[in-house]
Amino acid sequence: MLKVKDLWFRYPNSDWILKSLNLELYEGETLLVIGRSGCGKTTLIRALTGAGMHIYGGEVRGEVEVDGKRLEEYSLEELRRVVQVVNQDPRTHFVYPNIYEDLYTYAIQIYRDEKKAVEALELVSNSLKIRNLFNRLYFELSGGELRRTVIANAILSKPKIIIFDEPLMWLDDIGVEDYLDVIEGLRSYGISILIFEHRFMPLVNHIDRASILANGFIKEISLDVFRKPFYSMQNEVKPHISSDEKGISINNLWFKYDGDWILRNISIDIYRDDAVAIYGSNGSGKSTLLKIIAGYLKPVKGTVKRFGKAIYIPQIISLFFTEESIELELRSICRNSDDFKKCYSKGYSILRSYGFDDLSQTPFNLSWGQQERLAIALALIANHNIFLLDEPFSGLTYLDRATLIDYLKSLPGAKIVTISSRDSIPFLNGFKLYSLHNGSIIRDFSSDRASQRIDLSNLSSIYSE
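So in the working numbering, the last spot in the sequence shown is 465, and the numbers never skip.
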C-alpha cells in the first residue's frame with residue numbers, strides 16, 4: 001500500500017532530515033514507528049502526504065508510491081481519499097464545534113450527495129460508537145472521545161491507509177483502552193495503519209511490525225525487543241523530605257465553574273522540598289487544582305497558602321513561551337529584576353547547564369522534552385520555587401521521562417506533577433503519590449511500598465537496536 005524508496009527531505013535553508021529512507025507498508029498491516037524526540041517522525045508524515053513540499057516548501061528526493069501510484073500523480077484531494085492522517089492534537093481536525101455538524105459537513109464534501117453522506121456517517125458512527133456524542137461540542141469531549149470522533153472523520157472517505165501521529169498523547173488509562181479497541185476494529189476492516197508513537201508499551205500486542213527512525217534513516221526492529229521486561233522490582237523507596245517547612249498549605253478547598261463541584265473539601269500540606277504526583281483520569285480536576293495552587297484561579301470555598309513563588313507549566317507546553325528566541329525569553333525575565341546584568345549572567349549559566357547553548361533558537365522549534373526543560377530553566381531564573389507541571393510526560397519518550405524526573409529531583413523547591421495514566425508511576429521513584437477522584441484527593445501509598453520501577457537499560461537497548 002505504501003512504498004518509499006531512497007527518500008530524502010529537507011526544509012528550506014536546513015540540512016537533510018530524512019536521508020535515503022526506505023519503508024514499506026502492506027495491505028491490512030499495522031506498523032509502529034518509534035524514535036527519539038526530534039528524530040523526524042512528523043517530517044516523515046509530511047513527506048508521505050505531500051504536505052512537506054506543498055505547505056512547508058521542502059525539497060524532496062526519491063520515490064513515494066501510495067496504492068501503486070506515485071505521490072506526485074495525486075492531487076491533494078485525491079490523496080486524502082486514500083491516506084488519512086490523525087494528528088497528535090485531535091482538536092486541530094474540527095471546523096465546526098458541534099460533532100454532528102462537523103462530521104456531516106465533511107461527509108457531504110466527500111460524497112456530494114446527502115443520502116450517501118448520511119449512510120456513510122451512519123455506518124461510521126455505529127462502528128465507532130459515537131452516536132451519543134452527536135449533540136456534544138468537541139471541546140467538551142474527553143481525550144478518548146476526541147480520538148474516536150477524529151478516527152470516525154478519517155474513515156468517512158474509506159481510506160486505505162491511516163497514519164496516526166502520537167495517538168496516545170494526553171489519553172488516560174480509559175482512553176488508551178478505548179483507542180486500542182478502535183485499532184482492532186480498523187485492523188478487522190483491512191485498513192493499513194502506520195503509527196508514530198513514543199508511548200509504545202500499550203501497543204506492542206496490537207502491531208504486526210515495528211521500525212525505528214534515527215539519523216534520517218529507518219530500519220525494522222524485531223518485536224522480540226519489546227518482549228524484554230520494561231519494569232523491575234524495587235525495594236521500598238521512601239519519598240525524600242529535607243525540610244519540615246511548608247511550601248503549600250490547602251485547607252477545605254472547594255471549586256466549581258458553573259455546575260457541579262469539581263473539587264470537594266481538599267486539604268493537603270506539601271512541604272518545601274516535596275516531590276508529589278497527582279494521578280487522576282482526564283476531567284478529574286487536576287489542571288484546575290494546579291491553577292488554584294498557582295493563584296490563577298480562586299477557590300469558591302477554603303484557603304490556599306503558598307510559602308514561595310509558584311509557576312504553572314501547562315500541558316500544552318508551547319503555551320508557556322511568549323518570545324521569538326530563548327534569549328528574548330531570558331531578557332523578558334531579567335527586565336523585571338533589580339539587577340538586569342546579574343540576572344542575565346545567572347540565567348545564561350543556568351540555560352547552558354540545561355543544555356541550551358544557542359540562545360538564538362526559537363523555543364517553538366524545540367522538541368517537547370526540550371521545551372519542558374527550557375520552561376523549568378526559565379522558571380528557575382525567575383526565582384520560582386514551587387513548580388507545578390501539568391501532564392509533563394505528554395509527547396516524551398520513556399527515556400525523556402526519566403531524564404525529566406531527574407531534572408525535577410534536582411530542583412530546589414516543591415515539585416508537583418499531574419499524571420493520567422498508571423504507566424507513568426514507575427518513573428516517579430521517591431515521589432509521594434495522590435489520587436484525585438470524584439473531586440477528592442487521597443494519599444496512595446502503593447508508590448512507597450516495594451513496587452515496579454522502570455528498567456532504563458532495556459529501554460535504551462530498543463533505541464540502540
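Using N, Cα and C, we set each Cβ at its ideal position, and we do this for glycine too.
Which class does residue i belong to by DSSP, given the choice of helix, strand or coil?
i    : result
W368 : helix
V176 : helix
Q109 : helix
H437 : strand
N251 : strand
K160 : coil
T468 : Outside the shown range of the chain, which is 1 to 465, sits residue 468, and nothing can be said about it.
Y96  : coil
T303 : strand
A450 : Summary for A450: the model assigns pLDDT 42, below 50, so the residue's position carries little reliability; its value from the coordinates is reported in the next sentence. Of the three classes helix, strand and coil, the one that applies to A450 here is coil, per DSSP.
G62  : strand
D400 : helix
F226 : helix
E324 : coil
F356 : coil
A277 : strand
G265 : Checking the displayed sequence, the identity of residue 265 turns out to be Asn instead of Gly. Correct three-state label for N265: strand.
Using CA coordinates, which residue listed in the options is at the minimum distance from residue i?
i    : options                   : result
L141 : K129, G283, F230 and I419 : G283
D357 : D172, K19 and S325        : S325
G280 : I155, T397, Y138 and D423 : D423
L388 : I442, I317 and T362       : I317
F164 : L186, I174 and D172       : L186
I221 : L23, L253, D113 and Y398  : L23
A379 : V33, L408, E77 and C39    : L408
G439 : A294, L289 and R36        : L289
E177 : Y189, G144 and A154       : G144
F226 : V33, Y434, L18 and F427   : V33
K305 : I293, Y312 and G28        : I293
I108 : L121, N98 and I99         : L121
V66  : A47, S461 and C343        : A47
E101 : K129, T149, R335 and G216 : T149
L456 : S420, I130, R401 and S435 : R401
L203 : K219, A214, D173 and R61  : D173
N458 : Y179, Y398 and L7         : Y398
Below 6 Å, is the gap between the Cβ of residue i and the nearest heavy atom of the ligand FMN?
i    : result
L121 : Although the ligand FMN was asked about, the structure shown includes no ligands whatsoever.
With a cut-off of 8 Å on the beta carbons, I'd call residue i and residue j a contact; round off their distance for me.
i    : j    : result
I381 : L330 : 7 Å
Y463 : I212 : 7 Å
Q88  : P159 : Between P159 and Q88 the Cβ distance is about 18 Å, and since that is not below 8 Å, they are no contact.
G413 : I386 : 6 Å
K246 : F340 : Going by Cβ atoms, the distance from K246 to F340 rounds to 33 Å, so no, they are not a contact pair.
V82  : I161 : 7 Å
E63  : K5   : 5 Å
K298 : Y312 : Their Cβ separation, rounded to whole angstroms, is 14 Å, which puts K298 and Y312 out of contact at 8 Å.
H206 : K309 : That pair is no contact at about 45 Å.
L223 : A214 : Actually they do not touch by this definition, with Cβ atoms about 18 Å apart.
Label residue i either buried or exposed according to how many other C-beta atoms from any shown protein chain fall within 10 Å of its C-beta, with 16 as the threshold for buried.
i    : result
Y26  : exposed
T49  : buried
Y257 : exposed
H198 : buried
L146 : buried
K41  : buried
V95  : exposed
S75  : exposed
E236 : Summary for E236: the model assigns pLDDT 48, below 50, so the residue's position carries little reliability, and this model does not support an answer.
E467 : This structure leaves residue 467 out entirely; the chain is present only between 1 and 465.
G57  : exposed
R112 : exposed
T362 : exposed
E72  : exposed
F427 : buried
I55  : exposed
G175 : buried
Between residue i and residue j, what straight-line distance do the alpha-carbon atoms span, to the nearest angstrom?
i    : j    : result
L351 : S394 : 23 Å
T418 : S125 : 33 Å
L411 : W368 : 20 Å
F431 : E391 : 15 Å
E114 : L123 : 14 Å
K228 : G38  : 25 Å
F320 : M201 : 29 Å
A154 : T105 : 13 Å
G68  : W170 : 35 Å
Y271 : W16  : 49 Å
F139 : P97  : 7 Å
N132 : A117 : 19 Å
S192 : V276 : 42 Å
Q370 : E119 : 46 Å
L31  : H93  : 23 Å
S461 : I110 : 45 Å
Are the C-beta of residue i and some C-beta of chain C separated by less than 7 Å?
i    : result
L380 : As a matter of chain content, chain C is missing from the structure shown, which is built from one protein chain.
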